[in-house]
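Structure, as structure tokens:
Protein chains in written order, with the UniProt record's numbering: chain A, 1 to 293; chain B, 1 to 142.
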């Protein structure tokens with residue numbers, strides 16, 4: 001007889017163990033969401049500040065925005081886009097919406113429409129266009145005319161408890177469209193739109209902490225990691241050491257791999273270990289606090 | 001690995017460009033600041049002659065303005081007809097990083113002796129809140 005039927009509690013614990021990494025991720029995301037909801041806008045304000053100053057011919061001073069930007073970029077070079085996967089309030093917001101959408105669609109047994117893979121792959125480049133556009137607008141001193149257009153501002157105002165949103169009609173419409181996208185497609189905003197994500201993707205992330213796999217050891221025809229990946233990334237071989245710029249270090253591939261074949265280059269560390277997740281989050285938290293967020 | 005080195009050299013290039021830019025602009029500004037200080041001294045001398053028409057009534061006045069996450073309340077202290085101190089009494093819902101940037105506007109207000117100053121770019125909401133609150137307080141001091 002199956003032991004799980006004899007011992008339902010054991011089954012529950014087994015399930016819990018399997019979901020351990022998922023639960024830890026959820027807790028870390030909640031902690032950052034509550035304590036640092038504006039980390040992403042502060043850092044991106046640093047980018048806008050640089051281009052505003054360049055456009056105005058002003059000297060760059062080390063402001064708290066610039067510090068936040070430098071801190072997050074330095075962190076991303078060492079640990080990859082762990083910030084995106086575990087700490088960004090907007091990313092977490094998207095994860096909640098997607099999970100709720102999936103839960104509801106399972107309950108009512110209606111499959112949500114999906115964006116076709118080809119279009120998804122093409123849309124991956126949209127974020128660079130948006131980044132360049134915003135930088136150009138800042139440089140030309142036109143960005144301030146667009147006050148009220150930013151869905152980020154609307155989101156961070158709502159999370160700060162400010163509902164005086166009269167002047168933000170367009171920002172609200174954009175936010176609603178993004179919310180619909182977030183429900184249909186996991187990490188919709190992070191993949192396609194986020195200009196901060198575009199900056200992170202352009203950084204030289206060190207291959208040491210990136211997730212790689214030993215392809216020779218893979219089961220033939222197994223595509224579990226590719227199917228689980230929110231960004232549709234194919235993990236590169238351990239010999240090539242190519243870092244996927246889009247990888248947000250969500251660790252879903254590490255969790256799903258039936259052969260535990262996905263790991264970082266650091267010996268004995270795969271990526272989803274409890275202590276390793278928590279210490280990376282702690283380093284990030286300390287760094288952001290030091291930067292004054 | 002190849003893309004890593006390409007990105008690394010790009011990053012180094014960007015940082016070097018920004019540092020060089022800062023040095024050039026910094027040198028230019030140092031020159032400019034000396035001139036600006038001379039002009040400022042002249043203006044101040046003229047203002048001193050005209051200072052007999054002091055504008056505000058002495059006392060403490062409170063004012064309210066709306067910032068990023070809600071209301072900002074300030075207290076303006078007027079001594080000898082001049083703005084001598086601005087205390088921010090509450091800024092509960094402001095984000096710290098933004099608020100710290102925005103509070104620079106207070107020293108601008110001292111300098112100008114008026115709330116007609118520019119907002120701090122990048123922290124428009126919070127600095128607008130402080131300016132509005134100061135204007136509100138000053139309107140009671142006339």
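Even for Gly, the Cβ is constructed at its ideal location relative to N, Cα and C.
| Can you find a CB in chain B that lies within less than 8 Å of the CB of residue 221 of chain A? | Walking along the first chain from the start, residue 221 of chain A turns up at place 221. So, not an interface residue.
| What does a CB cutoff of less than 7 Å around residue 55 of chain A pick up in its chain, not counting 5 residues either side in sequence? | Sequence index remark: in the first chain, residue 55 of chain A carries index 55 (1-based). Correct list, in chain order: 138, 139, 140, 141.
| Through-space distance from residue 167 of chain A to residue 66 of chain B, alpha-carbon basis | Translated into the one-based positions of the second chain, residue 66 of chain B becomes position 66. Translated into the one-based positions of the first chain, residue 167 of chain A becomes position 167. Their backbone Cα atoms lie some 14 Å apart in a straight line.
| task | Return the chain-ordered list of same chain residues with a C-beta closer than 6 Å to the C-beta of residue 237 of chain A, the five sequence neighbours on each side being excluded. | result | Taking the first residue of the first chain as position 1, residue 237 of chain A is located at position 237. Excluding residues within five positions, the ones whose Cβ falls inside 6 Å are 215.
| said: If we define contact as Cβ-Cβ less than 8 Å, is residue 111 of chain B a contact residue for chain A? | reply: Working through the second chain from its first residue, we reach residue 111 of chain B at position 111. With 8 Å as the cut-off, residue 111 of chain B does not count as an interface residue toward chain A.
| task | Below 9 Å between beta carbons is the criterion; list the residues of the UniProt domain "FMN-binding" (67-141) of chain B that meet it against any residue of chain A, in chain order. | result | 67, 68, 69, 70, 93, 94, 95, 96, 97, 98, 100, 101, 121, 122, 123, 124, 125
| task | Express the C-alpha separation of residue 127 of chain A and residue 198 of chain A in angstroms, rounding to a whole number. | result | Looking up residue 198 of chain A in the first chain gives position 198. Looking up residue 127 of chain A in the first chain gives position 127. Rounded to the nearest angstrom, the two C-alpha atoms are 6 Å apart.
| Own chain, CB closer than 6 Å to residue 42 of chain A, minus 5 neighbours either side, in chain order | Here residue 42 of chain A corresponds to residue number 42 of the first chain, with the count starting at 1. Excluding sequence neighbours, residue 42 of chain A sits near 65, 68, 293.
| request: Taking 8 Å as the cut-off, decide whether the C-beta atoms of residue 184 of chain A and residue 114 of chain A are in contact. | output: Walking along the first chain from the start, residue 184 of chain A turns up at place 184. Walking along the first chain from the start, residue 114 of chain A turns up at place 114. A contact, by the Cβ cut-off of 8 Å.
| field | Stretch-stretch touch, CB-based, cutoff 8 Å, three pairs: the segment 216-231 of chain A with the segment 37-44 of chain B | value | no
| query | Run through DSSP, which three-state label would residue 244 of chain A get? | reply | Counting from one through the first chain, the residue named residue 244 of chain A turns up at place 244. DSSP places residue 244 of chain A in coil when its eight states are reduced to three.
| query | Comparing alpha-carbon positions, which option in A:277, A:265, A:266, A:268 lies nearest residue 252 of chain A? | reply | Locating residue 252 of chain A in the first chain gives position 252, where the first residue counts as 1. Cα-wise, what sits closest to residue 252 of chain A is A:277.
| task | Helix, strand or coil for residue 215 of chain A, going by three-state DSSP, please let me know. | result | The count along the first chain starts at 1 and reaches residue 215 of chain A at position 215. Residue 215 of chain A falls in the helix class under three-state DSSP.
| query | For the segment 25-106 of chain B, which segments carrying the beta strand (DSSP E) assignment without a break, of at least 3 residues, lie completely within its bounds, in sequence order? | reply | 59-66, 71-79, 82-90
| request: With DSSP collapsed to three states, give me the class of residue 235 of chain A. | output: Residue 235 of chain A sits at position 235 when you count from the first residue of the first chain. Coil.
| said: With the cut-off set at 8 Å, would you say residue 212 of chain A and residue 259 of chain A are in Cβ contact? | reply: Residue mapping note: residue 212 of chain A aligns to position 212 of the first chain, counting from 1. Residue mapping note: residue 259 of chain A aligns to position 259 of the first chain, counting from 1. Going by C-beta atoms, residue 212 of chain A is not nearer than 8 Å to residue 259 of chain A.
| residue 53 of chain B CB to nearest chain A CB: under 8 Å? | Reading the second chain from its first residue, position 53 is the one you call residue 53 of chain B. Confidence at residue 53 of chain B is low in this model, with a pLDDT of 49, below 50, so the placement of that residue should be treated as unreliable; the coordinate-derived value is given next. False, the Cβ-Cβ gap to chain A never drops below 8 Å.
| Neighbourhood of residue 272 of chain A by C-beta, 6 Å cutoff - its chain only, sequence neighbours within 5 removed | As a position in the first chain, residue 272 of chain A is number 272, starting the count at 1. The answer, listed in chain order, is 21, 251, 254, 255.
| chain B partners of residue 242 of chain A, CB-CB under 9 Å? | Numbered from 1 along the first chain, position 242 holds the residue referred to as residue 242 of chain A. Per Cβ cutoff of 9 Å: 1, 2, 3, 4.
| Do residue 93 of chain B and residue 69 of chain B have their C-beta atoms within less than 8 Å of each other? | In the second chain, counting from the first residue as 1, residue 93 of chain B sits at position 93. In the second chain, counting from the first residue as 1, residue 69 of chain B sits at position 69. Yes. Within cutoff.
| said: So, with DSSP's three-state summary, where would you put residue 220 of chain A? | reply: Here the question's residue 220 of chain A lines up with position 220 in the first chain. Residue 220 of chain A: coil per DSSP, three-state reduction.
| field | Interfacial residues, the segment 29-50 of chain B to chain A, with Cβ spacing under 9 Å | value | 29
| request: Starting from the C-beta of residue 125 of chain B, find all residues in its chain whose C-beta is less than 6 Å away, skip the five residues before and the five after it, and write them out in chain order. | output: Position 125 of the second chain, counted from the first residue, corresponds to residue 125 of chain B. Only 67, 68 meet the Cβ criterion.
| field | Proximity of residue 61 of chain B and residue 76 of chain B at Cβ, strictly below 8 Å | value | Along the second chain, one-based indexing puts residue 61 of chain B at 61. Along the second chain, one-based indexing puts residue 76 of chain B at 76. Yes.
| query | In chain order, what residues of the same chain have a beta carbon less than 7 Å from the beta carbon of residue 217 of chain A, not counting five sequence neighbours either side? | reply | Mapped onto the first chain, residue 217 of chain A falls at position 217. For residue 217 of chain A, where only same-chain residues beyond five positions count, the Cβ hits under 7 Å are 259, 261.
| query | So which of A:274, A:37, A:71 has the shortest CA-CA distance to residue 158 of chain A? | reply | Your numbering for residue 158 of chain A matches position 158 in the first chain. Checked all of A:274, A:37, A:71; the closest Cα to residue 158 of chain A is A:37.
| query | Mind checking residue 1 of chain A: buried by the 16 CB within 10 Å criterion, or exposed? | reply | What you label residue 1 of chain A is simply residue 1 of the first chain in a count that begins at 1. Interpretation of residue 1 of chain A is limited by its pLDDT of 42, a score under 50 that renders its predicted location unreliable; the figure taken from the coordinates is listed afterwards. Under this definition residue 1 of chain A is an exposed residue.
| If you run the structure through DSSP and keep just helix, strand and coil, what is residue 293 of chain A? | Reading the first chain from its first residue, position 293 is the one you call residue 293 of chain A. Reduced to three states, the DSSP call for residue 293 of chain A is coil.
| Taking Cβ positions only, does residue 132 of chain A come closer than 8 Å to chain B? | As a working note, residue 132 of chain A is residue 132 in the first chain. False, the Cβ-Cβ gap to chain B never drops below 8 Å.
| request: Check whether the Cβ atoms of residue 86 of chain A and residue 25 of chain A lie closer than 8 Å to each other. | output: Taking the first residue of the first chain as position 1, residue 86 of chain A is located at position 86. Taking the first residue of the first chain as position 1, residue 25 of chain A is located at position 25. Closer than 8 Å, so yes.
| request: Take the Cβ of residue 10 of chain B as the centre, count every other Cβ of all protein chains shown within 10 Å, and call the residue buried at 16 or more, exposed below. | output: Within the second chain, numbered from 1, the residue matching residue 10 of chain B stands at position 10. Residue 10 of chain B comes out exposed.
| said: Can you confirm whether residue 25 of chain B, when its beta carbon is compared against all beta carbons of chain A, has any partner nearer than 8 Å? | reply: Here residue 25 of chain B refers to the residue found at position 25 when the second chain is read from its first residue. It does; some Cβ of chain A falls within 8 Å.
| field | Per-residue DSSP class, three states only, for residue 6 of chain B | value | Counting from 1 along the second chain, the entry for residue 6 of chain B is found at position 6. Residue 6 of chain B falls in the helix class under three-state DSSP.
| field | Sequence-distant residues of its chain with Cβ nearer than 7 Å to residue 171 of chain A (five each side left out) | value | On the first chain, position 171 is the one that residue 171 of chain A refers to. Result list for residue 171 of chain A: 148, 149, 150, 151, 153, 154, in chain order.
| query | How long is the line joining the alpha carbons of residue 120 of chain B and residue 290 of chain A, rounded to whole angstroms? | reply | To locate residue 120 of chain B, count along the second chain from 1; it is residue 120. To locate residue 290 of chain A, count along the first chain from 1; it is residue 290. Looking at the two C-alpha atoms, the distance is approximately 23 Å.
| Cut-off 7 Å between Cβ atoms - residues of its own chain near residue 77 of chain A, not counting five sequence neighbours on either side | Position 77 of the first chain holds residue 77 of chain A. Once the five neighbours on either side are set aside, the close Cβ partners of residue 77 of chain A are 203, 204, 205, 206.
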